[in-house]
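Colleague: Numbers 1 to 643, taken from UniProt numbering, label the letters of the sequence shown in order.
A virtual CB, placed ideally from N, CA and C, is assigned to each residue, including glycine.
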Amino acid sequence: MRIKRSCKPLQRVLRTLARRLSNPAAGPRNAKQLTPEEVATILRANEFSKELEENPVINGYYSNCLAANITMEDRSAEAKILSSEASMFAVYDGHAGHMCAEVLSRKLFPYIATALLPAEGRNKLFYSRESQDTKLVEMYRHGKQILSEDVIGVFDELRTDWVDKLRRTKQIFTREDCLTKAFLRMDADLGKAAETDTMTQEGSTYTMLEAAMSGAVACVALIEGSDLYVAGTGDCGAVLGRQKKNGRWTALKLNSEHTASNKKEVDRMKSEHPDDEAKTIIQQNRLFGSLMPLRAFGDFRYKWPVDTLERVAAPTYGRQVISANYRTPPYLTASPDVVHRKITSEDKFLVLATDGLWDVLSPDMVVQLVGDHKNRLPSTLRIKKGYYERVFPQRCVQEFVTLSPSEFYDNPSTYLLRAALGGSLDLVNRQLAVPLGEARNIRDDITVTVIFLKSAGKDEADNQNTKAGMQRNVTETHVEQDPTESVSPKVNEPPKDKGGSMAHSTKWEDIETGGSDDGVACSLKDLDAAVGSGGIIGKKSFKIKGDQIREAGHPTRTTGDSTRINTKHSRASNDFSGTADNSPNTTMGLQWTPDDTARRTTDLTQNNADPTSTNTGGDFSDTIKIPGPDPIKAREELPGENK
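(1) Looking at the unbroken beta strand (DSSP E) that takes in residue 242, where does it start and where does it end?
(2) State the start and end residues of the unbroken beta strand (DSSP E) segment that holds residue 139.
(3) Residue range of the beta strand (DSSP E) that residue 270 falls in?
(4) Mark residue 285 as exposed unless 16 or more other C-beta atoms lie within 10 angstroms of its C-beta, in which case mark it buried.
(5) Starting from residue 59 and walking both ways along the alpha helix (DSSP H), at which residues does that stretch end?
(6) For residue 21, collect the residues of the same chain with a Cβ closer than 7 Å to its Cβ; drop the 5 residues on either side in sequence, then sort them by chain order.
(7) Would you call the region 415-423 and the region 351-363 in contact, with 3 or more CB pairs under 8 Å?
(8) Contact defined as beta carbons within less than 8 Å: I believe residue 209 pairs with residue 41. What is the distance between those atoms, to the nearest angstrom?
(9) Do residue 90 and residue 223 have their CB atoms nearer than 9 Å?
(10) Does the beta-carbon distance from residue 681 to residue 66 come in below 9 Å?
(11) How is the alpha helix (DSSP H) around residue 317 delimited, first residue to last?
(12) Does the region 88-103 touch the region 215-233, meaning 3 or more C-beta pairs lie closer than 8 Å?
(13) Apart from the five residues on each side of it in sequence, which residues of its chain come closer than 7 Å, Cβ to Cβ, to residue 187?
(14) For the region 148-163 against the region 181-196, do three or more pairs of beta-carbon atoms, one drawn from each stretch, fall closer than 8 Å, so that the two count as touching?
(15) Just to confirm the assignment: which complete alpha helix (DSSP H) runs, minimum length 4, are found wholly within the region 149-232?
(16) Go through its chain and collect everything with a Cβ distance to residue 636's Cβ below 7 Å, but skip five positions before and after it.
(17) Ordered along the chain, which non-local residues of its own chain (more than five positions away) have a Cβ less than 6 Å from that of residue 74?
(18) Distance, Cα to Cα, residue 159 vs residue 128?
(19) Expressed to the nearest angstrom, what Euclidean distance is found between the alpha-carbon atoms of residue 410 and residue 183?
(20) Of the choices 413, 180, 303, whose alpha-carbon is the least far from that of residue 60?
(21) Can you tell me where the alpha helix (DSSP H) with residue 127 in it begins and where it stops?
(22) Please report the residue range of the beta strand (DSSP E) in which residue 440 lies.
(23) Just to check my reading of the structure: residue 111 and residue 185 have Cβ atoms closer than 8 Å, yes? What is that Cβ distance to the nearest angstrom?
(24) Note down, in chain order, each residue of its chain lying with its Cβ closer than 8 Å to the Cβ of residue 490, except the 5 sequence neighbours on either side.
(25) What three-state label does DSSP hand residue 258 in the structure shown?
(26) Excluding the five sequence neighbours on either side, which residues of its own chain have a C-beta within less than 6 Å of the C-beta of residue 299, listed in chain order?
(27) CB-CB under 8 Å to residue 283, same chain, minus the five flanking residues each way: which ones, in chain order?
(28) Could you spell out the range, first to last residue, of the alpha helix (DSSP H) harbouring residue 652?
(29) Quick check on residue 115: buried or exposed, where buried means 16 or more other Cβ atoms within 10 Å of its Cβ?
(30) Only counting the same chain, and skipping five residues up and downstream in sequence, which positions put a Cβ closer than 6 Å to that of residue 323?
(31) Following the continuous beta strand (DSSP E) through residue 92, name the residue where it begins and the one where it ends.
(32) Starting from residue 351, follow the beta strand (DSSP E) in both directions and report where the run begins and ends.
(33) Look up residue 234 in the DSSP assignment and say whether it is helix, strand or coil.
(34) Check whether the Cβ atoms of residue 113 and residue 137 lie closer than 9 Å to each other.
(35) When the Cα atoms are used, what is the spatial distance from residue 426 to residue 433?
(36) So, residue 55 versus residue 454, is the Cβ gap smaller than 9 Å?
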């Protein structure tokens with residue numbers, strides 16, 4: 001009996017541990033609820049923004065990140081290339097540690113700038129014997145310096161060797177070639193530095209071996225005049241936010257993910273190895289059942305020959321560092337897919353983000369959120385039914401339906417972070433309450449950079465992009481194809497007047513919306529396009545005449561002269577579509593806003609959903625409204641605004 005009693009505390013600990021492992025989001029039973037101010041403080045902790053007034057194409061950019069791991073494995077970087085006045089932006093997603101991503105965030109830009117140098121610039125750089133980064137790039141911000149001077153010196157020496165090789169070739173490279181060569185050389189030098197590492201400082205944590213054995217994926221944007229180049233290795237993403245002349249937002253995905261869900265990528269990898277390895281290379285949708293990205297920097301346990309692994313890695317990591325069926329390395333490459341595009345007048349902003357964002361938000365949703373944020377409009381998230389029930393199984397789904405207007409974030413990257421956490425204070429609160437480390441079981445580190453473009457692109461660039469798309473392959477999602485736009489649902493399109501527009505009616509017409517009677521926001525078919533919302537409060541009856549609309553028991557609402565309510569209406573089907581005016585008004589539960597962008601509907605997709613698809617499928621019944629700005633509150637003009 002004594003032994004049995006002594007085991008009770010251990011049993012309680014084991015039960016608690018089992019509960020936390022099965023549902024990490026449950027957190028402590030009496031977890032402290034964060035106030036809105038505390039939530040804002042956490043989300044804004046890593047905010048950064050910078051205006052680039054002298055840049056002819058870029059207004060400025062915003063960046064933010066949120067950790068899930070105890071040590072954040074994501075990184076980001078931004079810089080200007082001094083030799084060409086081009087700008088570079090990048091996000092890096094590390095795995096198996098943060099060291100590889102840290103090295104890339106400090107050293108990849110100088111490698112790219114080196115590749116972009118003209119012949120005389122290479123000679124000058126080599127003979128000066130000063131391969132200092134400051135001679136090549138000017139970082140827009142300087143974070144905490146983690147790398148030691150010894151580590152920096154190793155890469156400077158290796159890059160000097162590369163400069164010598166480049167100047168001897170006397171070749172002229174395209175921008176695409178420069179990006180590819182820089183990626184590959186950076187990765188090769190990660191391996192060389194680890195093999196020749198002679199640092200002996202006692203207690204040194206950040207060694208070259210750590211950088212080589214950990215890994216990272218990357219997405220880099222090079223903006224040079226009206227030319228945009230995006231180089232991607234792994235599963236980070238780049239999405240261009242475009243706005244049509246009618247005010248409608250569209251998302252153009254500029255890269256594809258190098259994962260097992262991309263059949264073309266799997267076929268490429270299998271084709272590079274003997275047929276008898278086809279069943280062993282990809283296991284459980286991962287490289288050797290372990291690594292999810294099929295292209296990455298570092299991860300030299302999948303690149304070095306066996307004898308090198310035994311000599312360099314095994315003494316530190318053990319013989320198990322060599323995977324079973326490891327016969328014909330390398331199995332992994334850092335070679336990027338590079339996309340070139342001319343910036344047009346419709347291209348408004350570029351979003352770079354690690355997969356922690358794209359796992360939750362589709363490209364369409366991200367573009368709509370940033371577009372609404374830019375225009376000071378509220379946004380609506382439609383949560384896929386059951387998505388958060390798996391994270392919070394003890395919670396009732398009804399608790400996640402409504403979100404009252406609250407604090408608005410000036411930084412669009414922070415706005416996206418909040419949306420990725422569910423939008424509502426309750427969902428965001430519960431996710432932030434999960435301790436770092438445990439939080440990794442329900443979400444990933446998230447890093448977002450939003451670059452706002454000036455309307456400096458030429459209209460004829462659209463034709464150039466179309467022609468370029470016929471000459472090269474651009475992958476969207478998992479299929480290589482010509483560049484196409486991932487368009488927001490047609491429900492948000494301004495209606496075409498087929499002669500039956502009620503905007504010119506002189507009689508009151510009856511409209512009755514569907515929906516529930518309990519006041520819960522729900523998806524509608526009949527009034528979607530009129531308010532561009534994808535949802536309306538409850539079951540309502542309306543009357544419409546000309547540019548006036550009213551609900552039974554409420555005063556008439558006049559849309560005003562700036563924008564009329566143009567509608568299509570069928571008495572038989574009760575289908576209704578149109579655009580709303582720009583006067584902020586919440587009468588009847590509708591938010592009237594300009595350019596058919598009021599309360600846009602977007603979708604939270606699952607990890608395995610197609611991020612570029614506008615038809616997300618599934619049962620969408622839970623709607624969350626992301627708070628918009630106070631239209632009366634004065635604030636400074638942001639970099640995203642054209643002056």
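Modeller: So, from the listed chains and residues:
(1) Within the sequence shown, the letter at position 242 stands for residue 242. Where residue 242 is concerned, the enclosing beta strand (DSSP E) stretches over 237-243.
(2) Taking the first residue of the sequence shown as 1, we reach residue 139 at position 139. Note, residue 139: beta strand (DSSP E), 137-139.
(3) Counted from its first residue, the sequence shown places residue 270 at position 270. Where residue 270 is concerned, there is no enclosing beta strand (DSSP E), although the alpha helix (DSSP H) it sits in stretches over 263-271.
(4) Residue mapping note: residue 285 aligns to position 285 of the sequence shown, counting from 1. Classification for residue 285: exposed.
(5) Residue numbering aside, residue 59 sits at position 59 when the sequence shown is read from its first letter. No alpha helix (DSSP H) contains residue 59, which is instead part of the beta strand (DSSP E) from 58-66.
(6) Working through the sequence shown from its first residue, we reach residue 21 at position 21. Since pLDDT at residue 21 reaches only 48, below the 50 mark, its modelled position is unreliable, and the value read off the structure follows with that caveat. So the list is empty, once near-sequence residues are dropped.
(7) yes
(8) Here residue 209 refers to the residue found at position 209 of the sequence shown. Here residue 41 refers to the residue found at position 41 of the sequence shown. That belief does not hold up - the Cβ atoms of residue 209 and residue 41 are roughly 37 Å apart, past 8 Å.
(9) Position 90 of the sequence shown, counted from the start, is the residue given in the question as residue 90. Position 223 of the sequence shown, counted from the start, is the residue given in the question as residue 223. No. Outside cutoff.
(10) Since the first residue shown for the chain is 1 and the last is 643, residue 681 is missing from the structure and cannot be characterised.
(11) As a position in the sequence shown, residue 317 is number 317, starting the count at 1. Residue 317 -> alpha helix (DSSP H) spans 314-317.
(12) yes
(13) For this step, residue 187 is matched to residue 187 along the sequence shown. Same-chain partners within the cutoff: 297, 334.
(14) yes
(15) 149-169, 175-195, 208-213
(16) Working through the sequence shown from its first residue, we reach residue 636 at position 636. For residue 636, the predicted structure reports a pLDDT of 38, less than 50, and the residue's modelled location is therefore unreliable. A value from the coordinates is still provided. So the list is empty, once near-sequence residues are dropped.
(17) Counting from one through the sequence shown, the residue named residue 74 turns up at place 74. The residues are 65, 93, 354, 445, 447.
(18) Counted from its first residue, the sequence shown places residue 159 at position 159. Counted from its first residue, the sequence shown places residue 128 at position 128. Approximately 14 Å between the Cα atoms of the pair.
(19) If you number the sequence shown from 1, residue 410 lands on position 410. If you number the sequence shown from 1, residue 183 lands on position 183. Roughly 34 Å between the two C-alpha positions.
(20) For the purposes of this step, residue 60 is taken as residue 60 along the sequence shown, with counting starting at 1. Checked all of 413, 180, 303; the closest Cα to residue 60 is 413.
(21) As a first step, residue 127 is located in the sequence shown; it is residue number 127 there, counting from the start. Element bounds for residue 127: 119-128.
(22) As a first step, residue 440 must be located in the sequence shown, where it is residue number 440. Where residue 440 is concerned, there is no enclosing beta strand (DSSP E), given that its DSSP letter is neither H nor E.
(23) Along the sequence shown, one-based indexing puts residue 111 at 111. Along the sequence shown, one-based indexing puts residue 185 at 185. With 8 Å as the limit, residue 111 and residue 185 qualify as a contact, their Cβ atoms being about 6 Å apart.
(24) Taking the sequence shown and counting its residues from 1, the one referred to as residue 490 is at position 490. Confidence at residue 490 is low in this model, with a pLDDT of 33, below 50, so the placement of that residue should be treated as unreliable; the coordinate-derived value is given next. So the list is empty, once near-sequence residues are dropped.
(25) Taking the sequence shown and counting its residues from 1, one reaches residue 258 at position 258. Coil, per DSSP.
(26) What you label residue 299 is simply residue 299 of the sequence shown in a count that begins at 1. Around residue 299: 215, 332.
(27) Within the sequence shown, residue 283 is the residue found at index 283, counting from 1. Excluding sequence neighbours, residue 283 sits near 289.
(28) Residue 652 is absent from the structure shown; the chain starts at 1 and stops at 643.
(29) Here residue 115 refers to the residue found at position 115 when the sequence shown is read from its first residue. With 16 or more Cβ atoms within 10 Å of its Cβ, residue 115 is classed as buried.
(30) Taking the sequence shown and counting its residues from 1, one reaches residue 323 at position 323. Closer than 6 Å at the Cβ level, and outside the excluded window around residue 323, lie 288.
(31) The residue given as residue 92 occupies position 92 in the sequence shown. From DSSP, the beta strand (DSSP E) with residue 92 extends over 87-95.
(32) Position 351 of the sequence shown, counted from the start, is the residue given in the question as residue 351. 347-353 is the span of the beta strand (DSSP E), which, as asked, contains residue 351.
(33) Counting from 1 along the sequence shown, the entry for residue 234 is found at position 234. It is coil, neither helix nor strand.
(34) Here residue 113 is taken as the residue at index 113 of the sequence shown, counted from 1. Here residue 137 is taken as the residue at index 137 of the sequence shown, counted from 1. Yes, they are a contact pair.
(35) Here residue 426 corresponds to residue number 426 of the sequence shown, with the count starting at 1. Here residue 433 corresponds to residue number 433 of the sequence shown, with the count starting at 1. Going from the Cα of residue 426 to the Cα of residue 433 covers about 11 Å.
(36) By one-based count along the sequence shown, residue 55 stands at place 55. By one-based count along the sequence shown, residue 454 stands at place 454. Yes, these two residues count as a Cβ contact at 9 Å.
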